[in-house]
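With this note's numbering, letter number 195 in the sequence shown gets 196, and the count goes up by one each step, no holes.
All C-beta atoms in this analysis are idealised placements derived from N, C-alpha and C, irrespective of residue type, glycine included.
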Amino acid sequence: MLIAVAGAFTSPTTVSRLSYSFDLPGKPAFETNSDIVERFGGGGATDPLLVVWHGTAKTSARDAGVLREFDRAAEGVARSVPGTRVITPRTAPDLVTSDGSVAVAVLYPPVAAGPDPYVRALPALRKALAGAHVAGRPLELTGAALLAEVSSGEDRGTLAEILFGALGALVVLVLVFGSLLAAIPLVIAACSILGTFLCLLGLTSLTDVSFVVQFLVGLIGLGVAIDYSLLIAMRWREELATGVDNDTAVRRAMATAGRSVVFSGVTVAVSLAALIAVPLPFLRGIGLGGLLIPLLSVAASVSLLPVALATAGPRLQWPRRRTPSPQSRLWRKIATWVVKHRWPAVVASTGLLAVLALPAFDLMLGTPRWDAAGTTNPAAATAESAIKAGIPPGVLRPTEILIPSGRVAAAVPELSAVEGVATVVAPEGPPWQADGERLVLVWTAADASSETAKHALDQIRALDAGKVGGSSAEDDDFVSAVYGHIGWVVLGVAAVTFALLARALRSLWLPVKALLLNVLSLGAAYGITVWIWQEGHGTSLLFGIPASGSVTTWVPVAAFAFLFGLSMDYEVFILSRMRESHDDGADTPTAVVEGTANTGRLVTCAALILFLAFVALSTVPSVDVKILATTLALGIAIDALIVRSFLAPALVAAVGSANWTLPHTLGRILRVPR
């Protein structure tokens, strides 16, 4: 409790020290972008801002007078922030649409460190825009950095997301316990989350920890801690129903369910530790912060929870004094049917998961398209109107190339000839050249996240005209850095997880089956995420925005780490109970039915709580976080409804007595007690 109180008092400091950096040390685009920012003050991985003018039926930017007025106005806006570089239609004629209805100027203000690179520049720019008009029409501001901008009333923050998740969890817990006991898992979760935030504070003193961790600690911590406390509390109620005294019931619950919680928590931590092996500070920070979640949840569940049950447990069962049957009749019927029809259940479940996973083969990694932010703010609406009028979408996210000054004249025609490139701009003057190199901008005809633009980027790099930077180039390097060696990371996690499960379950085939089912479950989660977000089936209905066109580069690896661990939670809960039943003398079909009947309700409730937590996370304005939340929520639902309810018990029943054996040599290596 003292740790939790300390975590509550220090949480604002912890949040303020989280990192918003996505550094890729040693990667060409990152090094080029860092060089661009150092030399020119802005740009690089930070996309520019756009000043947009919309004409009328009587005013057109094709009119020389209107165009001169717009150029002067845009340059005046740029001067409001010293050090801002500007490109107007005078330098790049493609910044005016063919019908003259829209004119655009591209601004590169100096960037600031932190979540908002233009936090210092925007107030002055907006003040200057407020007094600027061209042909009686106002100027508007947009840019990739502003597309997801929301009002302070819409950006609720981490605490609000946790409260939304906690409210959904409370409803489920009240239905499960029907008594004041429903509050205990929430207390354990609160202590776990606050304790994790206190540990994060210490971690931020040693390394960078990504801002994403605050959402994951809050919502995954809520779900995992409730899962663990729910498992122990329900086993405690089951033991009480046998007629033993309260202290004995607590001890038995800890010796059985408590043991499962420890193994489950360690397994989840191992899967999250996989991110530490990825050679990127951003994901390492998520891995380090993320593995604290299950460890602190386990710590609270095996220390504070048994004390609470031993001292106040019986009194908290008011108003439901009668302890209900620990077994679910519904899940007993389901398990009996699955065991009886094991092979049809295996074939049907596997086929369904395979169908859900098919879209994953078309997975495209990158930054979501410019229009995926919707039009809920003026900047997004302005960008949409400008691009629909004919401004190249690549203006929002240009490729920036540092080229030796003497080679610029030859490089521009080569770059212009690349398929998919709309315009190449080589501004002159001191703001655009330094140390013998010029900064040249390439705008693609399609969105930077599209297949066409990615192909154009590959061709630009192949030309070797200079050092290639920009946000899309850094995305490309991110993908190669993270996923180039991801297979070894996955194999390492699988090996450690197998060893842990083999020791916990004293079996060879149960861990193998668990790992194979995780592959199917993860594939289905990725597939349906691609189908919804990348292909746009349901984004408009669910979120009111169009398709993202791609899946955020870091989402699959982060989702793997969390879903792999969380699904193992349920696997350990169910298989441990089946193993226990078999050790008590039941044959395999009976052990499957008994294990499922005793854990089916628990797994369903735990999955529902996590699902609601991730639904709460999906209300965060960031499209990247929405995609992650969708992957996690659907992954949990698929795992609980298909894999753990039907496929897992059917496979255990099909394998038969081989489930319960462990080769002697492997047992000695793992030091499995006889």
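Top-ranked residue by Cα proximity to residue i, from the options
| i | options | result |
| --- | --- | --- |
| ASP248 | VAL308, ALA346, ILE294, SER272 | VAL308 |
| PRO94 | VAL105, ARG86, THR85, GLY84 | VAL105 |
| LEU310 | VAL271, GLY485, ARG238, LEU564 | ARG238 |
| ARG127 | ILE294, ALA75, THR453 | ALA75 |
| ILE643 | THR453, ALA390, VAL339 | VAL339 |
| GLY314 | ALA336, VAL251, LEU296, ASP363 | VAL251 |
| GLY485 | VAL279, ALA380, SER12, ALA649 | VAL279 |
| ARG645 | THR620, LEU576, ALA614, ALA630 | LEU576 |
| LEU3 | ARG236, VAL172, THR197 | THR197 |
| LEU207 | ASP436, ARG285, ARG578 | ARG285 |
| THR92 | PHE612, THR98, SER522, ASP72 | ASP72 |
| LEU297 | ALA275, ALA270, ALA274, LEU276 | ALA270 |
| LEU201 | VAL175, SER12, PHE499, ARG253 | SER12 |
| ARG80 | VAL6, ILE37, ALA122, GLY524 | ALA122 |
| LEU613 | LEU220, PHE31, GLU32, ALA131 | LEU220 |
| LYS455 | ASP436, GLY467, LYS468, VAL480 | VAL480 |
| GLY524 | ALA254, ALA505, LEU542, SER568 | SER568 |
| PHE565 | LEU140, THR554, LEU516 | LEU516 |
| ASP448 | ALA145, ALA9, LEU416 | ALA145 |
| ALA114 | LEU176, LEU140, LEU19, ALA387 | LEU19 |
Three-state secondary structure (DSSP) of residue i
| i | result |
| --- | --- |
| THR445 | strand |
| TRP54 | strand |
| SER261 | helix |
| SER180 | strand |
| GLY29 | Per the sequence shown, the amino acid found at residue 29 is Pro instead of Gly. Helix at PRO29. |
| ARG507 | coil |
| ARG672 | coil |
| SER20 | strand |
| THR554 | coil |
| THR208 | coil |
| HIS538 | coil |
| PRO139 | strand |
| VAL103 | strand |
| LEU663 | coil |
| GLY43 | coil |
| TYR109 | strand |
| ALA97 | Correcting the residue type first, residue 97 is Val in the shown sequence and not Ala. Looking at VAL97 - three-state DSSP - the assignment turns out to be strand. |
| GLY144 | strand |
| LEU366 | strand |
Own chain partners of residue i with C-beta closer than 7 angstroms, once the 5 adjacent residues on each side are dropped
| i | result |
| --- | --- |
| ALA658 | A small correction: the amino acid at residue 658 is Ser; Ala does not occupy that position in the sequence shown. Closer than 7 angstroms at the Cβ level, and outside the excluded window around SER658, lie THR589. |
| GLU155 | Since pLDDT at GLU155 reaches only 47, below the 50 mark, its modelled position is unreliable, and the value read off the structure follows with that caveat. The residues are PRO622. |
| SER329 | ALA598, GLY601, ARG602 |
| LYS334 | none |
| SER450 | GLY367, THR368, PRO369, ARG370, GLY550, SER551 |
| THR631 | THR530, ILE533, TRP534, SER619 |
| GLY528 | LEU357, ALA358, LEU359, PRO360, ALA361 |
| SER99 | GLY391 |
| VAL151 | Note on VAL151: pLDDT 49, under 50, position unreliable in the model; no value is reported. |
| ALA384 | THR143, LEU148, TRP371, LEU397 |
Other residues of its chain near residue i: CB distance less than 6 angstroms, five sequence neighbours each side excluded
| i | result |
| --- | --- |
| ALA608 | ILE637, ALA641 |
| ARG86 | TYR109, PRO432 |
| SER102 | GLY56, ALA390 |
| ILE610 | ALA170, VAL173, GLY224, ILE227 |
| VAL656 | TRP510 |
| LEU521 | LEU354 |
| ALA301 | ILE189, CYS192, SER193 |
| THR337 | VAL594 |
| PRO580 | Sequence inspection shows Arg at residue 580; the Pro mentioned does not correspond to that position. Hits under 6 angstroms: LEU506. |
Closer than 7 angstroms to chain D by CB, residue i
| i | result |
| --- | --- |
| GLY288 | No chain D is present in this structure, which holds just one protein chain. |
Contacting residues, own chain, Cβ-Cβ under 8 angstroms from residue i (five flanking each side not counted)
| i | result |
| --- | --- |
| PRO320 | GLY179, SER180 |
| LEU648 | ALA346, VAL347, SER350, THR351, LEU354, LEU518, LEU521 |
| LEU664 | Going by the sequence as given, residue 664 is Pro instead of Leu. LEU509. |
| PRO116 | TYR21, PHE212 |
In chain order, which beta strand (DSSP E) runs of at least 3 residues are fully inside the segment 380-422?
400-405
Is it the case that the segment 16-33 contacts the segment 458-478, given that we only count it when at least three CB pairs across the two stretches are under 8 angstroms?
yes
With contact counted as at least three CB pairs below 8 angstroms, one residue from each stretch, are the segment 184-192 and the segment 260-275 in contact?
Fewer than three Cβ pairs drawn from the segment 184-192 and the segment 260-275 lie within less than 8 angstroms of each other, which leaves the two stretches out of contact.
Contact between the segment 354-374 and the segment 534-548 is defined here as three or more beta-carbon pairs at a separation below 8 angstroms; is this criterion met?
yes
Those runs of the alpha helix (DSSP H) which lie wholly inside the segment 425-487 and span at least 4 residues
As far as the segment 425-487 is concerned, its whole alpha helix (DSSP H) runs of at least 4 residues are 452-464, 472-484.
Would you list, in sequence order, the uninterrupted alpha helix (DSSP H) runs of no fewer than 4 residues that lie entirely inside the segment 311-361?
330-341, 343-358
Length-filtered (3 minimum) beta strand (DSSP E) runs lying within the segment 61-94
86-88
Are the segment 401-414 and the segment 433-440 touching, with three or more C-beta to C-beta distances below 8 angstroms?
Proximity of the segment 401-414 to the segment 433-440 meets the contact definition, three or more beta-carbon pairs being nearer than 8 angstroms.
Count the CB pairs spanning the segment 41-51 and the segment 381-400 that are closer than 8 angstroms, and state whether there are at least three.
Flag = yes, the segment 41-51 and the segment 381-400 touch.
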